[in-house]
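Inspection log for the structure reproduced underneath, given as structure tokens.
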Amino acid sequence: MLHIVNGLATLKLLDRTDIRGARVSGDDIFAEGPVQDCLETPGAWRTRAEYLQKHFGIPKEQYLQRKEERERNLRSFAYHEEVVLWFEFDLFCQLNLLYLLHWFSKKTLGHSRLTLICPGEFPGVKRFRGLGDLSPGQLTSLFEDRAEITDQQRTLAVKAWSAYSSPDPTQIQLLLEDSTEALRHLHKAFSAHLERFPWAGSGLNGVEEKTLQSLSDGGPRKFPDLFDVVTASDTVFSHGMGDVQFSAYLAGLAEGDNPLIRMENFAGLLTQDVTRRALGKWTSRITDQGKEVLKGRLDNIELRGIDRWLGGVHLKSPDQVWRWDPST
1 MLHIVNGLAT
11 LKLLDRTDIR
21 GARVSGDDIF
31 AEGPVQDCLE
41 TPGAWRTRAE
51 YLQKHFGIPK
61 EQYLQRKEER
71 ERNLRSFAYH
81 EEVVLWFEFD
91 LFCQLNLLYL
101 LHWFSKKTLG
111 HSRLTLICPG
121 EFPGVKRFRG
131 LGDLSPGQLT
141 SLFEDRAEIT
151 DQQRTLAVKA
161 WSAYSSPDPT
171 QIQLLLEDST
181 EALRHLHKAF
191 SAHLERFPWA
201 GSGLNGVEEK
211 TLQSLSDGGP
221 RKFPDLFDVV
231 TASDTVFSHG
241 MGDVQFSAYL
251 AGLAEGDNPL
261 IRMENFAGLL
271 TQDVTRRALG
281 KWTSRITDQG
291 KEVLKGRLDN
301 IELRGIDRWL
311 GGVHLKSPDQ
321 VWRWDPST
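Quick note: the sequence shown, position 149, residue 149 per our numbering, numbers continuous.
Here it is in structure tokens:
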């Protein structure tokens, strides 16, 4: 039996159970950076690695080496009669699940069967955030209730991964207008993804808007406090956002000639050289321009421009930029 989990926290928790089988982590930060043509065209992974290094501080060669290691681990499925996928409901996890189901759709499974554990809630847990919230015993109970992945789930995952990697985000809207019940968390995750596009009016996306609103309402905040407030909000909770992503968001808001926030004790993106301990010293405060953008009096993209990938969509000014209208 092979267990593929989405992150080291779940991997460590699984090691504390009596569940047998090989274990590997199959996570990637697909929520950020270019995901073009289902990552099947030559050079797609290297282009992605270069972007993540520039914008998120993830060393390019380290990322590519980890990708190759993950591929080797995935190919070992042929030695196992069952492959158990452990994933969560948020956008970060759902994208990894889609990638894996798309990957397996290209393989001949032979005697191997795929099963899935993907809870959106757990009895007795008031606001379930993920598998890392559970005890070893609770994790074991989920294992006992795992379900075999159906043909409908495979088909939907392939369509969804293709839509996510498309340069046209309306492909996701079309997908959501159809039934997504086979993967019960997909609709909410993809809805959260669409809210990451710049909003009509302010040019901010959902994460940026909530960050500026938190700083406007609560005054200057240190990174841990701001991270907790923003990621616990209804707007951002479904993203499954980690500190690497959020630190890059803050850096983006603070950069350029027209910053929307100011950061004290900022020493660069979270990397091997800038540790999580350093994050605790970051203090963010909203600027006057940030307040004007938040009120809709200035447009973030017109003021500061944009150069960002969301799946297969490259948002780059001065080209026409896709926008999300939360009122529709």
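Glycine included, each C-beta is placed from N, C-alpha and C at the ideal position.
Values in this document were obtained by computation on a predicted structure and should not be read as measured data.
- A residue is called buried when at least 16 other Cβ atoms come within 10 angstroms of its Cβ; ALA189 meets this threshold and is buried.
- By the Cβ test, the region 8-15 is not in contact with the region 61-76, since fewer than three Cβ pairs between them sit closer than 8 Å.
- Taking C-alpha positions only, ASN258 is separated from GLU302 by approximately 11 Å.
- Comparing alpha carbon positions, the residue from GLU40, VAL5, GLU50 and THR41 closest to TRP309 is GLU50.
- A residue is called buried once 16 or more other Cβ atoms fall within 10 Å of its Cβ, and GLU88 is buried on that count.
- Secondary-structure assignment with DSSP links ALA147 through a beta bridge to LEU116.
- Beta-bridge annotation (DSSP): LYS222 is paired with THR283.
- Taking the C-beta atoms as reference points, LEU186 is found nearer than 8 Å to ALA160.
- Closest in C-alpha terms to HIS3, from the list SER284, GLY206, LEU139 and SER214, comes LEU139.
- ASP325 places its beta carbon 8 Å or farther from that of ALA163.
- Pairing LEU174 with ARG285 gives a Cβ-Cβ distance that is not under 8 Å.
- Per DSSP, the continuous alpha helix (DSSP H) segment holding SER105 begins and ends at 91-105.
- With 16 or more neighbouring CB atoms inside 10 Å of its own CB, ARG48 falls in the buried class.
- Its chain contains TRP45, ARG46 and ALA49 as the residues whose beta carbon lies nearer than 8 Å to that of LEU64, once the 5 sequence neighbours on both sides are disregarded; these appear in chain order.
- Out of ASP225, LEU97 and GLN320, the CA that lies nearest to the CA of THR115 is found in LEU97.
- In this structure, the alpha-carbon of ILE306 lies about 16 Å from that of GLY290.
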